Amino acid sequence: MRPVKTFLALAVAAGFATAAQAAPVVYNGFTQNPTCSSGAAFNCATKFAPSGAALAARNAFYSSLALGVATQDFESIAVGTAPPVTLNFGFAGTATVTGIGAVQAEDPVAVIPFGRFATSGSRFYSTSVGGSQTLEIQLSQQVAAFGFYGMDLGDIGGSVALDLFDGSTLVSSITVQPSLGTGFFGELNGGMRFFGLTFATNSFNRIRFNLTGNPNDEDVFAFDDMVVADAKQVVPPNPTPEPGSLALVGAALALAAAARRRRS
6 MRPVKTFLAL AVAAGFATAA QAAPVVYNGF TQNPTCSSGA AFNCATKFAP
56 SGAALAARNA FYSSLALGVA TQDFESIAVG TAPPVTLNFG FAGTATVTGI
106 GAVQAEDPVA VIPFGRFATS GSRFYSTSVG GSQTLEIQLS QQVAAFGFYG
156 MDLGDIGGSV ALDLFDGSTL VSSITVQPSL GTGFFGELNG GMRFFGLTFA
206 TNSFNRIRFN LTGNPNDEDV FAFDDMVVAD AKQVVPPNPT PEPGSLALVG
256 AALALAAAAR RRRS
């Protein structure tokens, strides 16, 4: 009877493995800067409040979480602070930022020539990217959700992707902003994107931003209002296994029952 027991054990393990390796739920919405047009896209960007698809994505992300979330808005960090930068996420612990970038403040003029601004307060984290570079956030605790606003992504062909790690183990790789080509203003100057993700079963403690700029002209991105939440905050915390996993486990149980009948 060892083959039946072995198959049953493998099937049950596969069912749980499939659930544990489930892909995240992603919330990703972009709002063009309402002050810009394709005919005058460079010196056009005026700061605007979160709205449109970006705000809708943010609201959907928050609705998937319990009330206890931790946000970093960079307002308490001195302008010009460069990596390593320590972020305080309250109950979710601290994080250390390494790689490229620095904390910046908005241009005080009404029209923001380079399209980067804060979504709350006046400070944000800015990165200047030529070619391919990385920014990493090492968290002191495991989390199961992460979200942020990104401004001025993709206007001159840049792209943003995330790698999520649990220690040294890659949990997931996700595209935030695809490259829209090497020409100017694939998305208009000063646009706003909200990106968030939640895991029902997985967790991670390191986030790598893979940033690609236009090789012919550095691309500069802004990030603000970063949010993390632990597994207890994700709703629901225990999803049902995928149908394929249930079928596999069911087949194993049926085979085991048949074997018992033959034996009796």
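Residue numbering for the sequence shown follows the numbering used here, beginning at 6 and increasing consecutively. Virtual Cβ for every residue (Gly too), placed ideally from N, Cα, C. If you're wondering where the values come from, they're calculated on a predicted model, not measured in any experiment.
Item checked: Per-residue burial, ASP222 [other beta carbons within 10 Å of its own, 16 or more giving buried] -> exposed
Check: Do you know offhand how far ASP112's Cα is from THR51's?
Finding: If I take the Cα positions, the gap works out to 10 Å.
Margin query: To the nearest angstrom, how far is the alpha carbon of THR206 from that of GLY126?
Written below: Approximately 34 Å between the Cα atoms of the pair.
Notebook entry, point to check: Roughly how many whole angstroms lie between the Cα atoms of GLY159 and SER184?
Noted result: 6 Å
Item checked: Segment limits, beta strand (DSSP E) that includes ARG121 -> No beta strand (DSSP E) contains ARG121, which DSSP labels as neither H nor E.
Checklist line | Alpha carbon of ARG198 to alpha carbon of VAL102, nearest angstrom | finding: 21 Å
Notebook entry, point to check: For ALA59, which residues of its own chain have a beta-carbon under 8 Å away from its beta-carbon, when the five flanking residues on both sides are left out?
Noted result: GLY34, PHE35, THR36, TYR154, MET197, ARG198, PHE199
Next item on the list: Report the three-state DSSP secondary structure of SER131 (helix, strand or coil).
Entry: strand
Notebook entry, point to check: What residue range is occupied by the uninterrupted alpha helix (DSSP H) comprising ALA65?
Noted result: Segment 57-68, the alpha helix (DSSP H) holding ALA65.
Notebook entry, point to check: Under a Cβ-count criterion, where at least 16 other Cβ atoms within 10 Å of its own Cβ denotes burial, should PRO29 be classed as buried or exposed?
Noted result: buried
Note to self: Going by the DSSP bridge assignment, what does LEU92 pair with across the sheet?
What the structure shows: ALA100
Checklist line | Closest Cα partner of ALA45 within the set VAL74, GLY95, PRO118, GLY98 | finding: PRO118
Margin query: Is the beta carbon of ALA75 closer than 7 Å to that of GLY95?
Written below: yes
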